[in-house]
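Protein chains in written order, with the working numbering: chain Y, 594 to 854; chain L, 450 to 720.
Note that the Cβ used here is the ideal one computed from N, Cα and C, for glycine as well.
Just so you know, these numbers come straight off a predicted model, no measurement behind them.
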């Protein structure tokens, strides 16, 4: 049985169809990048994986069971912004998950338990390159460092699934390259199943093991909300060539234009 | 250069800020001198000598009848009521506001009530408070609570709901239960906002305090002002008003500093 199974999945809000007829399955340890124009349901699909949204029709299964209806510690997430807690220092931000897990009532660790946990935290900070900033507040960090922190905060929980919602969208191109390296390293170390939504087709092609393109097959110019998006390309990365890249780019930007018209 | 683009320097900004105060004092002293020249016993615009004399009498000499220093006695009585009232109001606001902001089930049942209560004019129910709680300290404190708590509750709930939704999702993905969401994410981030809310409620709190003291009391700053009004004792009233204003400014600034000290991340733009 595959890790995640998507079967005839539809998502509608009233008359508006966002996703139609999604069918695929994902194995444990895959790194899927989700690309497509804005409004093509990538983030909606991510929210379903997170437990924030439910499907209108069809099945979304995790090891054969329906997905939990609310977020939990097995599914980590990194958003484009607001992923870290402004009232905690870098170290406290990463420690938080461990504290919550070990102390259901207080949510805080003291004494030797805390020292023990901090060892794990410091090792994690070291591996994301934030060891020198351990005592800083998040607002003192640059955008890229804040995202490093958010990634560390999620990875320390060793989630089975990690969801990245345009995590590098607000970063400078140079920084983005460093972040790609970091995420690939952590993915290699932990073997977590990753879903990453991105705007950037190049990023989608470059990272991960599998590219999922969300796009609208049918377009009604009079009623753009009538048809939803589905997965038009499902490619294992490494086997794609220049030609495929071009044709995906063409189709995605066509959809984007017709949606924004 | 356009007027909208001309900014005062540090020194000139200070001078410009002082100017209106100096102007008011100048106008007042001119008017006062003129009236006193006509009638040395004029009570409406007492001169600075008469006011200092009154302050000396009220603050630094024992009252002939009771042997108390009236101004200090009034000040402690009023501040006690104010602190008690605002303290209770803030605690209530924190609890109710938090629950309202975090838990949709509580919000559904409490939010309409809080909104309605905040619309009741507090002074209109002052007679009820006097009837129910008597004329003692309790009714004055309750008036401050009734007057400030509902609005602070709404404010706190609003601030809770303004916390980014991403944070709420994130902490759940770190395994937090509802209680942990409250104590580790919402409460610490809402405390500095509560202090801001208290600062904004200081004005109304003074209003309710003085109103209650004016109607039924035997001591307090508001009581004294309304008492000496009978003798047209502007030489006491004006220093009292200035004293109340100074107290209000000092309390406000103390709260502001406390907020900076206690929550460095908040004031450095970390929210």
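Here the C-alpha atom of residue 847 of chain Y lies approximately 13 Å from the C-alpha atom of residue 822 of chain Y. With a cutoff of 8 Å on beta-carbon distance, residue 818 of chain Y and residue 609 of chain Y are scored as near each other. In summary, residue 672 of chain L is buried, with 16 or more beta-carbon neighbours lying within 10 Å of its beta-carbon over all protein chains present.
For residue 487 of chain L, the uninterrupted alpha helix (DSSP H) segment begins and ends at 459 to 487. Per the DSSP secondary-structure output, residue 609 of chain Y pairs in a beta bridge with Y:606.
Among the CB atoms of chain Y, one or more fall inside 8 Å of the CB of residue 626 of chain L.
When the beta-carbon positions are compared, residue 801 of chain Y and residue 624 of chain Y come within less than 8 Å of each other.
Per DSSP, the beta-bridge partners of residue 629 of chain Y are Y:807. Burial state of residue 581 of chain L is exposed, judged by a 10 Å Cβ sphere holding fewer than 16 other Cβ atoms.
Contacts with chain L at 8 Å (Cβ-Cβ) do not include residue 761 of chain Y. Secondary structure of residue 646 of chain L (DSSP, three-state): helix. The CB of residue 717 of chain L comes closer than 9 Å to the CB of 730, 732, 733 in chain Y, given here in chain order.
In the DSSP assignment, residue 823 of chain Y falls within the beta strand (DSSP E) that extends over 823 to 829. The C-beta separation of residue 791 of chain Y from residue 748 of chain Y comes to about 19 Å, leaving the pair out of contact by the 8 Å criterion. Per DSSP, residue 671 of chain L lies in no beta strand (DSSP E); the unbroken alpha helix (DSSP H) holding it starts and ends at 670 to 677.
Under DSSP, residue 626 of chain L forms no beta bridge with any residue. Listed along the chain, the chain L residues whose CB falls inside 7 Å of the CB of residue 675 of chain Y are 613, 615, 616.
At a C-beta separation below 7 Å, residue 714 of chain L has these neighbours in chain Y: 679, 680, 730, 732. Beyond the five residues adjoining it in sequence on each side, residue 495 of chain L comes within less than 6 Å, by CB distance, of 683, 684 in the same chain, given in chain order. Residue-level contact by beta carbon fails for residue 661 of chain Y and chain L, as no gap is shorter than 8 Å.
The alpha-carbon separation between residue 520 of chain L and residue 706 of chain L amounts to approximately 27 Å. Residue nearest to residue 685 of chain Y within the set Y:676, Y:730, Y:648, Y:776 is Y:730 (criterion: CA-CA distance).
Taking 8 Å as the cut-off, the beta carbon of residue 666 of chain Y is found no closer than this to the beta carbon of residue 644 of chain Y. Annotation for residue 790 of chain Y: no alpha helix (DSSP H) segment contains it, though the beta strand (DSSP E) segment containing it runs 786 to 791. By the C-beta density criterion, residue 662 of chain L is buried, having at least 16 other C-beta atoms within 10 angstroms. The continuous beta strand (DSSP E) containing residue 669 of chain Y extends over residues 668 to 671.
Of the candidates Y:612, Y:767, Y:711, Y:646, Y:612 places its Cα closest to the Cα of residue 632 of chain Y.
Three or more beta-carbon pairs separated by less than 8 Å link the segment 738 to 747 of chain Y to the segment 672 to 680 of chain Y, which places the two stretches in contact.
For residue 651 of chain Y, the enclosing beta strand (DSSP E) has its first and last residue at 650 to 655. Per DSSP, residue 758 of chain Y is one residue of the beta strand (DSSP E) stretching across 754 to 758. Only those residues of the segment 641 to 652 of chain Y whose C-beta falls short of 9 Å from the nearest C-beta of chain L are listed: 643, 644, 645.
Going by DSSP, residue 596 of chain L is part of the alpha helix (DSSP H) stretching over 586 to 611.
Per DSSP, reduced to three states, the secondary structure at residue 749 of chain Y is coil, with no helix or strand assignment. Among the residues of the segment 626 to 660 of chain L, those with a Cβ less than 8 Å away from any Cβ of chain Y are 626, 628, 629, 632, 633, 634, 637, 638, in the order of the chain. Scanning its chain for C-beta atoms nearer than 6 Å, with the 5 sequence neighbours on each side dropped, one finds around residue 676 of chain Y the residues 743, in chain order.
The Cβ of residue 847 of chain Y sits no closer than 8 Å to any Cβ of chain L.
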